[in-house]
Amino acid sequence: MSADIRPVNKGLSLFSLVMMNVVTVASLRALTASAEYGFSLLFFYGVGAIFFFIPSALVSAELATGWPSLGGSYVWVREAFGSRCGFVSAWIQWICTIVWYPVALTFISAMIAHFIGPELAESKYYVFTCVLVLFWGATLLNCFGIEISSWVSTMGALFGTIFPMIVIMVLGLWWMCTGHPRHIEISYHHLFPQNYSLHYLSYALAIIFGLIGMEVSAVHACDVVRPEHNYPKAQLYSALIILFTLVFSSLSVGIVVPPDQLSLVSGIGQALAIFGDAYGMHWLAYLTLGLIVIGALAGLSTWLIGPTRGLLAAGQDHFLPSLFHYVNKKDAPVGLLLVQAVIVSILTLLFLLMPAVNGSYWVLTALASQLNLLFYIIFFAAAIRLRYKHAHRPRAYKIPGGKTGIWLVGISGIVICTLAILLGFLPPSDMQVGNLFVYESILFGGILFFCVLPLFFLHGKVEGVQERTLV
């Protein structure tokens, strides 16, 4: 058996796969950005679902059941375009996750601040310190081989994400039914964008970013009984649950928090505090905040280790220096973990250099989103290429419509990713990011640097160092 082939274990239930998708994709961090659009967030989520979310789920289903390997997307891109391009895609996935770490940790820091003093969430010195302490602490634990089990991480995600979303949705519905003033106009007219300026549309980048990740569970496609039927079904159920929770949780936040007071970083805490004051249920607000923090911290170990696996697979093709794929006696990828920590520390300096926490948070969100969407462009292109290059390879699930179907799905994904990347260069009109030229330079320079860097590792390497067959 090839080293790339993962052993098949037909023991994963449909429910387990659905929950895996939900806890991977559904994120509380997306709620405040989408709440900025008011009732028209339904329009933006609809566009994102049709042209990006559903296509990415369909492509993941086809590629995962055709190439059920531990290398995941790295193997798919490698088989489509060669090992060099496979390495670049794995690198982009890894680096965009690193840029995302400060975003996730800032959110955690803001939730913790509500137990100490809500105003701390807007202090760049508090956020800077909290992000570094949390990330380096988790990195050192992982270096010593101390990892939280996947079961604990999954439970943490369920109770730290799904439960809070349900609480927010129920409280939002209660708020409307009890006659409280709402800060969102709910009507057919307001279902569509009220402003088509590019600065207004730039929040759509965060909405698309909130829909990424359906390919993560794809490596488990062949673990499901009758994958040709159950895996697409799991993707459909997951998509419906994810969209439902994201849309109605976002509406609840927008309904209760005045738009001119809504914080991109701590909007969830603001909404829970208002609900707690209105209903005398501060205990529920603090319980929900506590579960959010515990759930996020439980998943931190998985966040740190997960992205390194794809790059380690690329390292087996000898594209990386030995430092990057060094693994210690505890089977921890120490080299990559320490490199991650150094890069995160440098990125976190943005909080000290920019005028406001929200501005720094948005810059990092935009950069992480743009890098991630660059990977998805390669991902969709690989799906089209593989339909021609390996036309007769067995796939338990295949996107219907033949070559026309794969082209429609792939091109829709590529187009929406390209548009979202371009929108990211324009900050929202209400965001304090300082000088526009500096903002755009950070994004353009970051993308250029992180994408050119792997080319130095490729210099002098021979294409197809060891193209392992996947038959």
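Quick note on our numbering: the sequence shown kicks off at 10 and runs consecutively. The beta-carbon is built from N, C-alpha and C at its ideal position, and this holds for glycine as well. If you're wondering where the values come from, they're calculated on a predicted model, not measured in any experiment.
Throw me the rounded Cβ distance for the Ile-451 and Gln-379 pair, which I believe falls under 8 Å.
Ile-451 to Gln-379, Cβ: 11 Å. No contact.
If you draw a straight line from the C-alpha of Ser-369 to the C-alpha of Gly-278, how long is it?
Roughly 19 Å separates the two Cα atoms.
Have a look at Thr-148 and Val-353 and give me their C-alpha separation to the nearest angstrom.
So the two alpha carbons sit approximately 11 Å from each other.
Verify whether the separation of the beta carbon atoms of Ser-206 and Leu-50 is less than 8 Å.
It is not a contact, given that the beta carbons lie outside the stated cut-off.
Report buried or exposed for Asn-367, applying the criterion of at least 16 other Cβ atoms within 10 angstroms of its Cβ.
Asn-367 should be labelled buried.
Can you find the residues in the same chain that come closer than 6 Å, C-beta to C-beta, to Leu-445, ignoring five residues on each side of it along the sequence?
Nothing listed; no residue qualifies.
Suppose you measure from the CA of Arg-191 to the CA of Ile-387; what does that come to, to the nearest Å?
Approximately 42 Å, taken between the alpha carbons.
Exposed or buried, His-198, counting other C-beta atoms within 10 Å across all chains shown (16 or more means buried)?
With fewer than 16 Cβ atoms within 10 Å of its Cβ, His-198 is classed as exposed.
Excluding the five sequence neighbours on either side, which residues of its own chain have a C-beta within less than 6 Å of the C-beta of Arg-38, listed in chain order?
Same-chain partners within the cutoff: Phe-116.
Return the CA-CA distance between Met-290 and Phe-284, expressed in angstroms with no decimal places.
Distance between the alpha carbons of Met-290 and Phe-284 is about 7 Å.
Look at the alpha carbon of Phe-48 and the alpha carbon of Glu-194, and state the distance between them as a whole number of angstroms.
For Phe-48 and Glu-194, the distance between alpha carbons rounds to 7 Å.
Assess contact between the region 204-222 and the region 49-69, defined as three or more Cβ pairs (one per stretch) separated by less than 8 Å. Is contact present?
Contact holds: three or more Cβ-Cβ distances are below 8 Å.
Out of Arg-394, Leu-432, Val-302, Met-174, which one is the CA nearest neighbour of Ser-261?
Comparing Cα positions, the closest option is Met-174.
May I ask you to report which of helix, strand or coil DSSP gives Gly-189?
Just to set this straight, residue 189 is His in the shown sequence, not Gly. Note: His-189 maps to coil in three-state DSSP.
Under 8 Å, with one C-beta from each stretch per pair, do the region 240-253 and the region 410-417 reach the 3-pair mark?
Contact between the region 240-253 and the region 410-417 is absent, because fewer than three Cβ pairs lie under 8 Å.
Please report the straight-line C-alpha distance between Ser-272 and Trp-76, rounded to a whole angstrom.
Roughly 43 Å separates the two Cα atoms.
What would DSSP say about Gly-410, mapped onto helix, strand or coil?
In the structure shown, Gly-410 sits in coil (DSSP, three-state: anything other than H, G, I, E or B).
Alpha carbon to alpha carbon, what distance is there between Phe-90 and Ala-166?
Roughly 35 Å separates the two Cα atoms.
Can you give me the C-alpha to C-alpha distance between Val-136 and Tyr-335, rounded to a whole angstrom?
Cα to Cα, the separation comes out at about 31 Å.
Closer than 7 Å by C-beta to Gly-188: which residues in its own chain qualify, once you throw out the five before and the five after it? Chain order, please.
Answer for Gly-188: no residue qualifies.
Mind the definition here: the region 395-411 touches the region 130-144 only if three or more C-beta pairs lie below 8 Å; say whether that holds.
No, the region 395-411 is not in contact with the region 130-144.
What does the Cβ neighbour count give for Trp-103, buried or exposed, with the cut at 16 atoms within 10 Å?
When all chains shown are included, Trp-103 counts as buried.
Which term fits Ser-196, buried or exposed, when burial requires 16 or more other beta carbons within 10 angstroms of its beta carbon?
Looking at its Cβ environment, which holds fewer than 16 other Cβ atoms inside 10 Å, Ser-196 is exposed.
Roughly how many angstroms separate the alpha carbons of Ser-488 and Ile-355, rounded to a whole number?
Since the first residue of the chain shown is 10 and the last is 480, residue 488 is not available in this structure.
Enumerate in chain order the residues of its own chain whose CB-to-CB distance from Pro-241 is below 6 Å, with the five nearest sequence positions on each side excluded.
The answer, listed in chain order, is Ala-70, Tyr-406.
Should Pro-16 be labelled buried (16 or more other beta-carbon atoms within 10 Å of its own) or exposed?
With a pLDDT of 46 at Pro-16, under the threshold of 50, the modelled position of this residue cannot be trusted; read the value that follows with caution. Pro-16 comes out exposed.
Measure from the alpha carbon of Phe-168 to the alpha carbon of each residue in Asp-232, Thr-74, Ala-305, Thr-41, then state which is nearest.
Checking every option, the nearest Cα to that of Phe-168 belongs to Ala-305.
Starting from Gly-95, trace the alpha helix (DSSP H) both ways and give me its first and last residue.
Unbroken alpha helix (DSSP H) run through Gly-95: 92-125.
Please look up how many angstroms separate the CB atoms of Ile-171 and Val-31, rounded, as I've assumed it's under 8 Å.
Confirmed, about 7 Å.
Under 8 Å between the Cβ atoms of Val-233 and Leu-23?
Yes, Cβ-Cβ distance for Val-233 and Leu-23 is below 8 Å.
With the cut-off set at 8 Å, would you say Asn-151 and Leu-345 are in Cβ contact?
Not a contact, by the Cβ cut-off of 8 Å.
Count the other C-beta atoms from every protein chain shown that fall within 10 angstroms of the C-beta of Glu-224, then say buried if there are 16 or more, exposed otherwise.
Per the 10 Å Cβ criterion, buried.
State the DSSP-derived secondary structure class of Leu-435, mapped to helix, strand or coil.
Correct three-state label for Leu-435: coil.
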